Amino acid sequence: MQPIITTARLTLRPFNFDDAAIVAKLAGDKRVSDMTKNIPYPYSQDMATEWISTHQSQYESGESVVYAITQRGDNSVIGALGFVEIVNNVGTLGYWLGCDYWGQGIAPEAVNGLVDYYKKHHNLQGLEATHFVENIRSRAVISKLGLNYVEDTEIALQGKQRAISVHRVRF
């Protein structure tokens, strides 16, 4: 069973199907979806339900994990965080926050909680992250986490080429 992780201000917990409506609302905000590789716009509640339905098997496989970000004492989802893949004990970070929660230090706190837990309990040995070059908020988060810039490259996404920055760190 996927454990709950707590930090000073946050609780990271598994998603449940009751979260689908708020996920659709928060992740479906164009400002959020425009800065992610995997969230289309528009984003429906049915899409959120389908996404949530994949989490348990992903966790059980050990190849990825997704957590709901909530504020301690409030079970309402404010974002998502996880490793979109875990290969050779290196996690590839993925996250998003609802726009009302940007700029409050929530993403770095959540990531540090997840990384600390996975280092202690799953032998996590490194972290990778990418962001769209123009996403200065994610660049700031990744910088706070101590990842090293590797390169800028391009990926094909929804029929377009998008420039991304790649960052890595080994522990």
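Just so you know, we're using the UniProt record's numbering here: the sequence shown kicks off at 1 and counts up by one. All C-beta atoms, glycine included, are put in the ideal place defined by N, C-alpha and C. Just so it is clear, the structure is predicted and the values come from calculations on it, not from any experiment.
In the DSSP assignment, residue 49 falls within the alpha helix (DSSP H) that extends over 45 to 53. Judged by beta-carbon spacing, residue 43 lies beyond the 8 Å limit of residue 20, meaning their Cβ atoms are not closer than that value. Take the alpha-carbon of residue 98 and the one of residue 82: they are about 15 Å apart. The DSSP assignment places 126 to 132 as complete runs of the beta strand (DSSP E) inside the segment 97 to 148, in order along the chain (cut-off: 3 residues). The C-beta of residue 87 has fewer than 16 other C-beta atoms within 10 Å across all chains shown, which makes the residue exposed. Close CB contacts of residue 5 within its chain, under the 6 Å cut and outside five residues either way in sequence, are with 12, 113 and 117 (chain order).
Under the three-state reduction of DSSP, residue 164 is assigned to strand. By the neighbour-count criterion, in which a residue is buried when 16 or more other Cβ atoms sit within 10 angstroms of its Cβ, residue 67 is buried.
Around residue 32, the same chain offers 96 as residues with beta carbons nearer than 6 Å, after the five sequence neighbours per side are excluded. Proximity to residue 134 across 165, 52 and 50 peaks at 165, based on C-alpha coordinates. In its chain, beyond the 5 residues on either side, 78 have a beta carbon closer than 6 Å to the beta carbon of residue 101.
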